[in-house]
Ligand code: PAF
């Protein structure tokens, strides 16, 4: 088991990437905010299949958190993360400080319209601006051939694809299937906030979404299938539902009955917000 090289400056990252490029190697990037779980490790596995060297960034990006959100309590466990990355065979961990990523006077914000409209944006209006800005920086700092993002954050994946397309960034964006526990709960660093009772409730989210997706495929209209899903989530014990919505799967435009798509949801358990999504298969 070889430990990944750990660098915390853009200059050191670029020097290593340049050396790998000189050797003719392909490079993959897995952007993360740390607190690594099996979902992240599956991204590293995919990155290693697609490239010769795998860079994992670990940076809890302050610009994607609203002042009311959990930036301060977001789990941070660098030593454990580095152990997991060593086991997974990652080659380099990029662990910049906020000052390295956003030096004094930093004045750039990237706004992506299209796939960022609605869903998360209705509840976290500045979230995708923070994500798009930091992802653009990480891609320009690393210049990878491929970058891997989880489908768990499906709207984020669509926003990142659009960012790269519209800025002509020469990178393949790979969407990786969501890793779930034995009960269907999507792996998330925020699951660490859940107590035992909340965990039981959280585990029903995916089942309820899958039932709704089946109803849509069977011909239900979106308003009634999503209303049924919201009732089921409330019955299960979710305190508040931000949205359950069916969308077209690439652009995230409106879903049309009789077509494939994606059903996306966000709901609260106490002070923990969970998101998930499932495919609506084409009938
Ligand atoms: O999905 C995440 O962990 C973050 O939003 C990302 C892509 C690493 C950007 O900070």
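In the working numbering, the protein residues as written are 70 to 352.
Yeah, the Cβ is synthetic: ideal placement off N, Cα and C, and Gly gets one too.
Taking the DSSP output, what are the residues bridged to residue 244? 218
Using 8 Å as the threshold, is the region 332-348 in touch with the region 243-260, meaning 3 or more CB pairs across them? yes
Taking DSSP's pairing of strands, which residues face residue 108 in a bridge? According to DSSP, residue pairing for residue 108 in a beta bridge does not occur.
Strictly closer than 6 Å from CB to any heavy atom of ligand 1: give me those residues in the order they appear in the chain. 100, 101, 102, 130, 133, 200, 203, 204, 222 and 225
Span of the beta strand (DSSP E) around residue 310: 309-316
Between 292, 319, 327 and 122, which has its C-alpha nearest residue 312's C-alpha? 292
If you drop the 5 nearest sequence neighbours on each side, which residues of the same chain put their C-beta closer than 8 Å to that of residue 130? 102, 170, 199, 200 and 203
Name the DSSP beta bridge partners of residue 341, please? 338
Residue 299 versus residue 272 - alpha carbon distance: Within the model, the alpha-carbon separation for residue 299 versus residue 272 is close to 15 Å.
At least three beta-carbon pairs within less than 8 Å, the region 225-239 to the region 84-98: The region 225-239 vs the region 84-98: no contact.
Between the Cα of residue 329 and the Cα atoms of 210, 79 and 288, which residue gives the shortest distance? 288
Quick check on residue 131: does DSSP put it in helix, strand or coil? helix
Quick check: the Cα distance between residue 353 and residue 232, rounded to an integer number of angstroms? The structure shown has nothing for residue 353, since the chain only spans 70 to 352.
So, are the CB atoms of residue 145 and residue 121 less than 9 Å apart? Between residue 145 and residue 121, the C-beta gap is not smaller than 9 Å, which leaves the two residues out of contact.
Give the single residue among 316, 268 and 110 whose Cα lies nearest to the Cα of residue 306. Of the candidates 316, 268 and 110, the one whose C-alpha sits nearest the C-alpha of residue 306 is 268.
Within this structure, are the beta carbons of residue 219 and residue 111 separated by less than 9 Å? yes
Where do the N-terminal and C-terminal ends of the beta strand (DSSP E) with residue 175 fall, by residue? From DSSP, residue 175 is part of no beta strand (DSSP E); its letter is neither H nor E.
Which of the three DSSP states, helix, strand or coil, is assigned to residue 199? helix
Contact check, residue 159 vs residue 73, beta carbons under 9 Å: yes
Closest residue to residue 266 among 228, 348, 221 and 308 (Cα-Cα distance): 308
How about residue 281 and residue 310: do their beta carbons lie closer than 9 Å? no
From this set, 186, 98 and 286, which residue's C-alpha is nearest residue 228's C-alpha? 186
Thinking just about the alpha-carbon of each residue, which of 188, 163, 189 and 196 is nearest to the one in residue 178? 196
So what does DSSP say about residue 288, is it helix, strand or coil? coil
Where does the unbroken beta strand (DSSP E) through residue 161 begin, and where does it stop? 161-163
From this set, 332, 323, 156 and 127, which residue's C-alpha is nearest residue 294's C-alpha? Ranking 332, 323, 156 and 127 by Cα distance to residue 294 puts 332 first.
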